[in-house]
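In this note's numbering, the protein residues as written are 66 to 202. In what follows, a structure is listed as structure tokens, so that the remarks can point back to it.
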Amino acid sequence: MTFGNDTHEQQPLAEINMIPLIDVMLVLLVVFIITAPLLTQSIKIDLPQVAAQTHVEMPQAIVLALDAQGALHWNGLAISDTELPAKLLEAAVKKTQPELHLRADRETRYQKVAEVMGLAQKAGIKKMGFITEPTTP
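The following block contains the structure:
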């Protein structure tokens, strides 16, 4: 039974009660205000001073060039196909392994380039890059 002229059924209240949310937000704000200064404190330590220079040994890059006929050049010096595996193995076992930069002529057969890449991988060379020239407009 309803009072007055209202004959509709009562609808549930569709509003969100914001007061509990505001209470939680204010509590979190107080917690952050109290704990924020504690996070910026650090322990003062007197570290020793050393006058030594740091020596960083940078690995040198090896440029392996292949000309159009498939001849190999190790840093500008001509080498034979039989010398290449020994040279690659020697480079791979160094303490700081150098990068291998492969520079192949445009007319070099892909088979020869793939063979050189396979030999480098088999020797244990970890970093290999290809040298190209940018096109000029």
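Glycine included, each C-beta is placed from N, C-alpha and C at the ideal position.
Secondary structure in the segment 164-193: the alpha helix (DSSP H) runs of 4 residues or longer, each lying completely within the stretch, are 175-188 in chain order.
Looking at the DSSP output, isoleucine 127 bridges to Leu165. Between isoleucine 127 and leucine 165 a beta carbon distance of about 5 Å is seen, short of the 8 Å cut, so the two are scored as contacting. Fewer than three Cβ pairs drawn from the segment 130-148 and the segment 98-108 lie within less than 8 Å of each other, which leaves the two stretches out of contact. Of the candidates Lys160, Ile196, Asp170 and Leu153, Asp170 places its Cα closest to the Cα of alanine 136. Judged by beta-carbon spacing, glutamine 125 lies within the 8 Å limit of proline 163, meaning their Cβ atoms are closer than that value.
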